[in-house]
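A.B. asks:
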Amino acid sequence: MSGETAGRWGRAVVVGGGFAGLVAARVLADRFDEVTVLEQDQVTPETGVHPHAPQGWHAHALLAKGAEVLERLFPGLRAELREQGAPVYDYGERVSFLLPTGYAPRARTGVLIQSFTRDLLERGIRRRVLTLPQVRSVAPVRCEQLTAGPDGRVTGVRYRVLGDEGAGAGAAAGAELVELEADLVVDASGRSGRLEDRLRAFGVHAPAPRVLDARITYTTVHLPRPDGLDYDVAYQMTFAPGIPRGGVLLAVEHGRWTCSLFGYGDQTPPTDPEGYLDFAHSLGNPHLGEQLADRAGGEPVHRYTNVNSRWFQYHRSHDWPERLVSLGDAVCVFDPVYGQGLTVAALEADLLRRMLAERRDAGKGLDGLARRYQRGVARVVLAPWTVSGNSDLMWDPEHRPLGARIAHAYNRRLFAAAVHDPAVWARFARVVNMVASPATLFHPSVLAKVLRPGADRRAASTLPAGTPHPAPAQAGAQSVSAGQAGADASD
Ligand SMILES: Cc1cc2nc3c(=O)[nH]c(=O)nc-3n(C[C@H](O)[C@H](O)[C@H](O)COP(=O)(O)OP(=O)(O)OC[C@H]3O[C@@H](n4cnc5c(N)ncnc54)[C@H](O)[C@@H]3O)c2cc1C
74 MSGETAGRWG RAVVVGGGFA GLVAARVLAD RFDEVTVLEQ DQVTPETGVH PHAPQGWHAH
134 ALLAKGAEVL ERLFPGLRAE LREQGAPVYD YGERVSFLLP TGYAPRARTG VLIQSFTRDL
194 LERGIRRRVL TLPQVRSVAP VRCEQLTAGP DGRVTGVRYR VLGDEGAGAG AAAGAELVEL
254 EADLVVDASG RSGRLEDRLR AFGVHAPAPR VLDARITYTT VHLPRPDGLD YDVAYQMTFA
314 PGIPRGGVLL AVEHGRWTCS LFGYGDQTPP TDPEGYLDFA HSLGNPHLGE QLADRAGGEP
374 VHRYTNVNSR WFQYHRSHDW PERLVSLGDA VCVFDPVYGQ GLTVAALEAD LLRRMLAERR
434 DAGKGLDGLA RRYQRGVARV VLAPWTVSGN SDLMWDPEHR PLGARIAHAY NRRLFAAAVH
494 DPAVWARFAR VVNMVASPAT LFHPSVLAKV LRPGADRRAA STLPAGTPHP APAQAGAQSV
554 SAGQAGADAS D
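Heads up, the sequence shown is in the numbering used here, so the first residue is 74 and it goes up one at a time.
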């Protein structure tokens with residue numbers, strides 16, 4: 074399409090105006106004259122949760138690394154969210170965190186986090202992105218096809234207008250497909266976006282995704298939060314095979330809690346008030362039941378079942394076309410309990426920013442970017458996928474690869490050490506927040522504590538009273554279709 078002006082490229086088209094698409098649009102606006110965001114839901118600058126991103130109702134933790142990247146891309150975002158009541162606190166000081174081995178120490182970790190609803194976050198980002206002069210939102214439209222030039226490179230997309238509201242979409246609802254040319258197409262169509270279908274129609278053979286069965290069901294309510302508590306988060310983590318139930322009470326904006334209860338397999342949190350409260354009382358961390366006990370009832374209840382974790386390894390595709398890149402859940406859907414998706418999407422958008430800047434500085438064009446970018450995405454995904462995947466593999470008593478068993482046993486000993494040792498806990502906090510490498514947990518000073526004889530027995534004896542310990546058969550055991558979580562990120 075159009076060439077370049079003053080060191081900028083012409084048009085980028087972003088498929089999907091959810092979290093990843095918006096952050097990508099922010100980055101693209103620095104380098105392209107026009108950034109068109111295509112979204113199938115009717116969205117305005119004020120839209121938060123929308124039909125094709127229903128996970129927005131559920132508790133979302135933004136890891137410290139993700140917050141750091143977002144603050145760089147959207148300066149002042151943290152303060153803006155804080156003005157609306159989203160608390161900022163140290164991960165160790167104001168979190169009542171129940172590990173499988175007991176409570177984490179309530180001590181400073183140096184990891185600063187902020188909690189809010191995903192709704193507030195997406196609205197804050199959408200408002201900022203849509204006011205950028207380069208960015209144009211076209212909704213509701215569904216991108217259906219990629220278009221190609223004679224050399225096979227992607228030249229744009231074709232979309233269908235979905236509703237009469239599709240102002241500025243270039244056609245009436247339901248009419249012919251509208252063609253839009255682009256110098257770069259960024260697919261951020263999320264977990265339901267089906268990029269693989271568009272690729273197949275385009276003649277590209279995407280390798281089959283790696284899939285881990287992680288069927289976890291969330292049930293969520295929002296309720297008022299009383300003043301004067303000494304915690305902003307109350308959490309009980311799940312841990313295979315004995316702790317298939319968990320939950321989180323997350324302090325969010327406007328003096329409210331988001332409460333998400335979750336369970337693996339058939340451990341589904343009920344939606345009726347009594348059943349919901351009973352499930353909360355069955356957890357070892359009593360704060361969830363305490364806060365729900367005074368619930369007025371009648372609040373909307375939201376449920377989401379995660380079908381599996383799925384990683385499309387597009388970096389392995391031999392015929393991946395030029396001028397197409399993909400990020401966010403369209404590439405990799407993680408088990409939500411590990412809170413990784415937003416941070417990984419932010420890191421991938423930041424990677425795109427850096428790669429575009431490098432090409433500009435080196436006087437290179439956009440050809441050659443797409444495959445390199447997908448390889449970079451794979452490197453971003455690999456560590457969080459391995460961490461969460463190794464834990465999820467342990468739900469299936471039949472198929473627990475050796476690597477996952479070793480990692481799991483190490484984690485268990487690590488947790489046993491952490492509940493007595495604030496320094497170990499602080500390291501763990503940095504790793505789960507992605508501000509430190511997992512290698513930090515194998516530092517000699519940690520190894521000595523974790524591998525000390527008897528550490529595992531100590532772990533068993535410190536399990537908190539009340540933590541449910543169903544037999545493995547009840548523990549949400551799932552079949553796993555991937556051999557082992559760790560995957561090769563090379564091409
Ligand atoms: C229950 C639950 C809890 C979670 N908790 C956390 C958490 O605590 N922390 C965390 O970091 N992550 C969490 N996640 C993950 C997080 O929600 C996702 O990683 C994140 O939303 C991914 O954003 P995305 O933009 O890639 O995808 P999405 O949010 O799914 O957005 C994709 C967008 O693309 C649009 N779209 C799709 N196809 C088309 C098309 N053909 N044409 C036009 N538009 C299209 C959709 O309408 C949608 O708006 C959780 C997920 C779930 C399910």
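We treat Cβ as the ideally placed atom computed from N, Cα and C, and that holds for glycine.
Since the model is a prediction, treat every value here as computed from it, not as a measurement.
Leaving out five residues before and five after Thr341 in sequence, what residues of the same chain have Cβ atoms less than 7 Å from its Cβ?
C.D. replies: Residue mapping note: residue 341 aligns to position 268 of the sequence shown, counting from 1. The beta carbon of Thr341 is closer than 7 Å to those of Thr290 in its chain, skipping five residues each way along the sequence.
A.B. asks: Check whether the segment 137-145 touches the segment 295-309, taking contact to mean three or more Cβ pairs, one atom from each stretch, closer than 8 Å.
C.D. replies: no
A.B. asks: Which word fits Leu101, buried or exposed, when buried means at least 16 other C-beta atoms lie within 10 angstroms of its C-beta?
C.D. replies: On the sequence shown, position 28 is the one that residue 101 refers to. So Leu101 counts as buried.
A.B. asks: What does DSSP give as the partner residue(s) for Ala419 in the beta ladder?
C.D. replies: Within the sequence shown, numbered from 1, the residue matching residue 419 stands at position 346. Ala419 is not bridged to any residue.
A.B. asks: Over the uninterrupted beta strand (DSSP E) stretch that includes Pro297, give me the two end residues.
C.D. replies: As a first step, residue 297 must be located in the sequence shown, where it is residue number 224. Taken as a continuous stretch (DSSP letters only), the beta strand (DSSP E) holding Pro297 covers Arg283 to Pro297.
A.B. asks: Among the residues of its own chain, which have a CB less than 7 Å from the CB of Ser210, if the five just before and after it don't count?
C.D. replies: As a position in the sequence shown, residue 210 is number 137, starting the count at 1. Excluding its 5 nearest sequence neighbours in each direction, Ser210 has C-beta neighbours in its own chain below 7 Å: Gly90, Val110, Glu112, Val116 and Leu203, listed in chain order.
A.B. asks: Sorted by chain position, which residues of the same chain lie with C-beta nearer than 8 Å to Tyr446's C-beta, five sequence neighbours on each side aside?
C.D. replies: Taking the first residue of the sequence shown as position 1, residue 446 is located at position 373. Val398, Leu424, Leu425 and Met428, listed in sequence order.
A.B. asks: Measure the CB-CB distance between Thr416 and Gly139 and report whether it falls below 8 Å.
C.D. replies: Here residue 416 refers to the residue found at position 343 when the sequence shown is read from its first residue. Here residue 139 refers to the residue found at position 66 when the sequence shown is read from its first residue. Yes, the pair counts as a contact, with Cβ atoms nearer than the cut-off.
A.B. asks: When the Cα of Glu119 is compared with those of Arg199, Leu356, Gln218 and Ser188, which residue comes out closest?
C.D. replies: Locating residue 119 in the sequence shown gives position 46, where the first residue counts as 1. Closest option to Glu119, Cα to Cα, is Arg199.
A.B. asks: If the criterion is Cβ atoms closer than 8 Å, does the pair Arg233 and Glu217 meet it?
C.D. replies: Residue 233 sits at position 160 when you count from the first residue of the sequence shown. Residue 217 sits at position 144 when you count from the first residue of the sequence shown. Yes. Within cutoff.
A.B. asks: Extract the residue ranges of the beta strand (DSSP E) inside the segment 178-242, only unbroken runs of 3 or more that lie entirely within it.
C.D. replies: 185-187, 208-211, 214-221 and 227-234
A.B. asks: May I ask whether a heavy atom of ligand 1 can be found less than 7 Å away from the beta carbon of Val211?
C.D. replies: To locate residue 211, count along the sequence shown from 1; it is residue 138. Checking the Cβ of Val211 against ligand 1 gives no.
A.B. asks: Does DSSP put Trp458 in a helix, a strand or coil?
C.D. replies: Indexing the sequence shown from 1 puts residue 458 at position 385. Looking at Trp458 - three-state DSSP - the assignment turns out to be helix.
A.B. asks: At a cut-off of 7 Å, would you count Cys216 as near ligand 1, judging by its Cβ distance to the nearest heavy atom?
C.D. replies: Numbered from its first residue, the sequence shown carries residue 216 at position 143. Result yes, Cβ under 7 Å from ligand 1.
A.B. asks: Would you report the Cα separation of Thr351 and Leu250, rounded to the nearest angstrom?
C.D. replies: Here residue 351 refers to the residue found at position 278 of the sequence shown. Here residue 250 refers to the residue found at position 177 of the sequence shown. This sequence places Asp at residue 351; Thr is not what is there. Approximately 51 Å between the Cα atoms of the pair.
A.B. asks: How about the segment 476-487 and the segment 513-528: do they share at least three Cβ pairs that are nearer than 8 Å?
C.D. replies: yes
A.B. asks: Check whether the Cβ atoms of Leu219 and Val230 sit closer than 8 Å, and answer yes or no.
C.D. replies: Within the sequence shown, numbered from 1, the residue matching residue 219 stands at position 146. Within the sequence shown, numbered from 1, the residue matching residue 230 stands at position 157. A contact, by the Cβ cut-off of 8 Å.
A.B. asks: Straight-line CA distance for Ala313 to His472?
C.D. replies: Counted from its first residue, the sequence shown places residue 313 at position 240. Counted from its first residue, the sequence shown places residue 472 at position 399. When only Cα atoms are considered, Ala313 and His472 end up about 13 Å apart.
A.B. asks: Would you report the Cα separation of Val87 and Thr228, rounded to the nearest angstrom?
C.D. replies: Along the sequence shown, read from residue 1 onward, the residue named residue 87 stands at position 14. Along the sequence shown, read from residue 1 onward, the residue named residue 228 stands at position 155. Near 13 Å, if we compare the C-alpha coordinates of Thr228 and Val87.
A.B. asks: In the structure shown, what three-state DSSP assignment does Asn463 receive?
C.D. replies: For the purposes of this step, residue 463 is taken as the residue at position 390 of the sequence shown. Helix.
A.B. asks: So, under 8 Å CB-CB, Arg376 and Thr344 are touching, yes? Tell me the CB distance rounded to an integer number of Å.
C.D. replies: If you number the sequence shown from 1, residue 376 lands on position 303. If you number the sequence shown from 1, residue 344 lands on position 271. So it is a contact: roughly 6 Å between Cβ atoms.
A.B. asks: For Leu111, which of helix, strand or coil comes out of DSSP?
C.D. replies: Position 38 of the sequence shown, counted from the start, is the residue given in the question as residue 111. Leu111: strand per DSSP, three-state reduction.
A.B. asks: Do you know offhand how far Ala212's Cα is from Asp114's?
C.D. replies: Along the sequence shown, read from residue 1 onward, the residue named residue 212 stands at position 139. Along the sequence shown, read from residue 1 onward, the residue named residue 114 stands at position 41. Rounded to the nearest angstrom, the two C-alpha atoms are 6 Å apart.
A.B. asks: Does the Cβ of Asn379 lie closer than 7 Å to at least one heavy atom of ligand 1?
C.D. replies: Sequence index remark: in the sequence shown, residue 379 carries index 306 (1-based). Answer for Asn379: yes, Cβ within range of ligand 1.
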